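Some notes on the structure that comes next.
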Amino acid sequence: MRRLGLDEWSGLVMLVVCVGVGSPVMLGLVEPDIPAPVWVGLFVVTLGAALVAVAEWGAPVLRWAAYGTAVVAGWGVVATAPRAGMLPILLVVIAALGPEAVRLPVNLLVVALNTAVIALTVSRIHDGPVEPLAAAVFYGLIQIATAFSVTAVRREQQHRQELTRAHIELRAASLLLAGSARTAERLRISRELHDLLGHQLTVLTLELEAARHREGDPAREHVERAGRVAREVLADVRDTVSALRAGSAADLAEALRDVGRDIPGLDVTVEVGEDVEADEEQTAALVRAVQEIITNTLRHACARELGVTIVRHDDAIRLAAVDDGQGARNVLPGNGLRGLAERFAALGGEIAYDGSSGFRVIARMPARRPAWSVQTTRAAETTGVPA
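Numbering follows the numbering used here, in which position 65 of the sequence shown is assigned residue number 65; successive positions increment by one, without gaps.
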């Protein structure tokens, strides 16, 4: 079960406060100016619209409409219950929710209109101007302070998210650059081993094979033993070259874990099967995939945990990533996910999404045969020397 964060707890506290300030009317202790069931219905509409306004799954237009409904309905709730004591706090809460749905100028306009409604409501039960003016100043200042504070916190969160995304992208680029340098160095060493030792050992094996078939050769036993040794050394050289050219699962796992390490507010776990081997292009695709998945999770999922698993399945490399966030009913891929799909398609693979429970990404691409094993097979077919 997903644990509630500070944002969820603060929202619950606000909801409890709103219900608390409206409880005198709902319990019949204070009579509103309109029928009590109508007032309660208006109060419920206010709370429901406020919740929709701050829901992250809602479209912007829906959230704006919901916030406007909450504001207008809140005016009706406060204006029709002037003797409900601290009921104007409801408008303070609505003003505090403004930065989640509208821009700051619009939020300040809402604060001004809320303050006017509070002043007019208080003036209905007090003859002099002192009480309405004091209430307007008191609640107005609270709304302004709350709106500014929430706006500042929201902007700080946005800046942190942008910094985190930039950090993830920089880390992924650094890993790909380092991996490219390691791959180039491994390729150079493997070529030198193959050119310097592989060819010479192949020729030596062929010469020994020819000497072994000479009749009456007294040194045939030594020739056969030398041939076996030469073939074993040649096999060792080829295994070494194959290991140098193929990226190990440990290297891939470490690279992917580095991409998702120390992400604020998100616990990323990466598991890579021991039999997974990826070349430079495939490694780049997997690193970029993990980067994009982490970025999207931070932006949209409101998740606490993200698990990434990469395994060898038949003749394919399979990536599965799932978070514990809110998911999405209709998945509309943005530029990042479309680019990710194009990258896997270029490697002969495919990608699929599922937002029914959390958000899940499944990607597959064919597992490539190491280039050295192809060369070895061809050389064996040409020379007749076992690979």
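Idealized CB from N, CA, C, for every residue including glycine.
Given the structure is predicted, the values throughout are model-derived calculations rather than measurements.
Rounded Cβ spacing between residue i and residue j (contact assumed at less than 8 Å)
i	j	result
residue 124	residue 88	Rounded, the Cβ-Cβ distance is 13 Å, inconsistent with contact.
residue 267	residue 305	5 Å
residue 352	residue 325	With 8 Å as the limit, residue 352 and residue 325 do not qualify as a contact, their Cβ atoms being about 18 Å apart.
residue 365	residue 282	7 Å
residue 134	residue 118	The Cβ separation is near 11 Å, so there is no contact.
residue 361	residue 293	6 Å
residue 115	residue 140	4 Å
Opposing strand residues paired with residue i [DSSP bridges]
i	result
residue 303	Per DSSP, none; premise fails for residue 303.
residue 269	307
residue 321	308 and 361
residue 366	316
Through-space distance from residue j to residue i, alpha-carbon basis
i	j	result
residue 20	residue 303	30 Å
residue 30	residue 18	16 Å
residue 322	residue 363	12 Å
residue 53	residue 107	13 Å
residue 329	residue 39	34 Å
residue 164	residue 158	10 Å
residue 289	residue 93	41 Å
residue 389	residue 177	Examination of residue 389 is not possible in this model, given that the chain is present from 1 through 387 alone.
residue 251	residue 210	43 Å
residue 148	residue 132	24 Å
residue 12	residue 320	34 Å
residue 137	residue 91	14 Å
residue 384	residue 228	For residue 384, the predicted structure reports a pLDDT of 45, less than 50, and the residue's modelled location is therefore unreliable. A value from the coordinates is still provided. Cα to Cα, the separation comes out at about 15 Å.
residue 279	residue 142	60 Å
residue 36	residue 85	16 Å
residue 74	residue 68	10 Å
residue 343	residue 160	28 Å
residue 28	residue 48	22 Å
residue 61	residue 314	47 Å
residue 34	residue 10	32 Å
residue 23	residue 167	48 Å
DSSP three-state assignment for residue i, whether helix, strand or coil
i	result
residue 338	helix
residue 285	helix
residue 232	helix
residue 60	helix
residue 361	strand
residue 89	helix
residue 116	helix
residue 354	strand
residue 294	helix
residue 142	helix
residue 263	strand
residue 167	helix
residue 152	helix
residue 126	coil
residue 53	helix
8 Å Cβ cutoff met for residue i and residue j
i	j	result
residue 393	residue 296	No answer is possible for residue 393: it lies beyond the span of the chain, which begins at 1 and ends at 387.
residue 95	residue 110	yes
residue 63	residue 101	yes
residue 276	residue 308	no
residue 310	residue 259	no
residue 104	residue 46	no
residue 65	residue 121	no
residue 256	residue 287	yes
residue 42	residue 71	no
residue 253	residue 317	no
residue 205	residue 171	no
residue 327	residue 356	yes
Cβ-heavy atom distance, residue i to the ligand ADP, below 7 Å
i	result
residue 273	Questions concerning the ligand ADP fall outside what the structure shown contains, since it holds no ligand whatsoever.
CB contact below 8 Å: residue i versus chain B
i	result
residue 161	No chain B is present in this structure, which holds just one protein chain.
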